[in-house]
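Q:
Protein chains: 2
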Amino acid sequence: MERYGPACAAIAALLSPHAEVVLHDPDEDVVLAVWNPFSGREAGDPSLLGELDEVRPGPDGVFGPYPKVLADGRTLSSVTAMLRDPDAVLCVNLDRGPFEQAAALLAAFAAPVAPRPEPLFEHDWFDRVNEVVGSSVRLRGPVERWGKPDRLAVLSELDSSGVFAVRRAAPEVARALKVSRSTVYALLAEVRGEKP
Amino acid sequence: MERYGPACAAIAALLSPHAEVVLHDPDEDVVLAVWNPFSGREAGDPSLLGELDEVRPGPDGVFGPYPKVLADGRTLSSVTAMLRDPDAVLCVNLDRGPFEQAAALLAAFAAPVAPRPEPLFEHDWFDRVNEVVGSSVRLRGPVERWGKPDRLAVLSELDSSGVFAVRRAAPEVARALKVSRSTVYALLAEVRGEKP
DNA sequence: TCCGAGTTGGACGTAGTGTCCAGAGCGTGG
DNA sequence: CCACGCTCTGGACACTACGTCCAACTCGGA
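As given, the protein sequences belong to chains A and B, one line each in that order.
Going by my numbering, the first sequence opens with residue 1077, and the numbers climb by one from there.
Going by my numbering, the second sequence opens with residue 1077, and the numbers climb by one from there.
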């Protein structure tokens, strides 16, 4: 528990919220701990490791992956590892549902067309400014008619997107918002001063 | 290794072929073993765990999940767990690409009227430098051993990603590449002078 | 040993940043 | 109608960070 806890937490964190990690004590046949539980089991419950009888261990003492079905119908993929010294049984249950759905969609829709080369990255911060401002224009009307709250909202969004870490961003934002550079900094100070 | 091997194999098996599990020896700073390798590293390579310095450990001694980018452009989610007695570092790298594609499709079809509520792209240009450099380290070895061509290649990649449009990027790159700021500009001029 | 390629730290001029303020514009209430 | 408060403005300013340049240094090869 002391020893394997971090590893279990790591697995649970990596796959959250789609994986449940269960650590068993094979000697006492009880559940020691559960990370990110969704099967309803909790620490102290009986392990019921008998189901492993029907599965053959592979090399490395790993059982599975083998399928499971939860009471609510969710399908899982599970693997179990026998850990030694101290003895423990590590069981990872992965909710296969989201991936099955995604796979089905991909198979149905993505098969004929190009496999999406890679979006790469945005070095068009200039465009992003116009993009954010533009979408706000659709909500709030023309930029010239905006009030202070509108500007604050948009600036807050731009700021938390890290736009202002880019060189020449502030003047560009001022231009897009049809305000002066001074105002941008003033409003920015206001936005930042009230959050942290 | 004897002790953690089964757990590592279990994780690798569960997520195969999309996850790579690396077990490090923090004392010797070497890779002890790799399950389902796809980043090119293998047992005996230096660990280069320095990149963890920039990540905060959560509770349970787990780092991450934090993003990484491979040299070929694949995006990864990684978690790292510090294991004690015996000391070891467990690192799981999950190829996020398939999930991102699936998620994008699901989002596109499940929300037909999505007004793009949150673009929220990478505001971690700082991290991107370390990602690019880090993934190159895996291909080319430790940064101290690089020659000029290696630096040129990495700088070219960083430059075309627009990294240098960000404030304080140049000194940060210099730090990551273990060269002086002057050299960064010199090499950068070379990279830029031969392309356009 | 000398040479040249490459790197370095420092110096320096400049672009761009962030702050400040006096004043203009404007709606509101007296 | 004026006075007041609120907001934006344009310019001034100090300052940070950028990008360039150069003399000095290191290091491997002729």
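Don't be surprised by glycine CBs; every beta carbon is placed ideally from N, CA and C.
Kindly indicate which residue of B:Val1098, B:Ser1258, B:Ala1229 has the alpha-carbon position closest to the one of Pro1082 (chain B).
A: B:Val1098
Q: Are the beta-carbon atoms belonging to Leu1228 (chain B) and Val1249 (chain B) less than 9 Å from one another?
A: Leu1228 (chain B) is not a Cβ neighbour of Val1249 (chain B), given a cutoff of 9 Å.
Q: Drop a sphere of 10 angstroms on the beta-carbon of Val1106 (chain A), count the other beta-carbons inside from all chains shown, and report buried for 16 or more, exposed for fewer.
A: exposed
Q: Output yes or no for whether 9 Å exceeds the beta carbon distance between Ala1095 (chain B) and Asn1112 (chain B).
A: yes
Q: Can you check whether the C-beta of Val1267 (chain B) is within less than 9 Å of a C-beta belonging to chain A?
A: no
Q: Give the interface partners of Val1155 (chain B) over in chain A, defined as CB-CB distance under 7 Å, in chain order.
A: Ala1086, Ala1089, Leu1090
Q: To which residues of the same chain is Val1260 (chain A) closer than 6 Å at the C-beta, ignoring the five residues directly before and after it?
A: Ala1246, Val1249, Ala1250
Q: Gly1081 (chain B) versus chain A: which residues are under 8 Å apart at the beta carbon?
A: Asp1136
Q: May I ask you to list the residues that DSSP assigns as paired with Cys1167 (chain A)?
A: Note: Cys1167 (chain A) is bridge-paired with A:Val1098, A:Thr1156 in the DSSP secondary-structure output.
Q: If the cut is a Cβ gap below 7 Å, which residues of chain B does Leu1170 (chain A) touch?
A: Leu1090
Q: Give me the chain B residues within the contact set of Val1242 (chain A), using Cβ-Cβ distance strictly less than 8 Å, ordered along the chain.
A: Simply Ala1241, Val1242, Arg1243.
Q: List, in chain order, every chain B residue whose beta-carbon is nearer than 7 Å to that of Leu1166 (chain A).
A: Within 7 Å Cβ-Cβ: Ala1083, Ala1086.
Q: Give the C-beta separation of Ala1241 (chain A) and Arg1243 (chain B) to the nearest angstrom, bearing in mind that I take them to be a contact with Cβ-Cβ under 8 Å.
A: 6 Å
Q: For Gly1223 (chain B), does the count of other Cβ atoms within 10 angstroms reach 16, so buried, or fall short, so exposed?
A: So Gly1223 (chain B) counts as exposed.
Q: In chain A, what lies closer than 9 Å to Met1158 (chain B) by C-beta?
A: Pro1082
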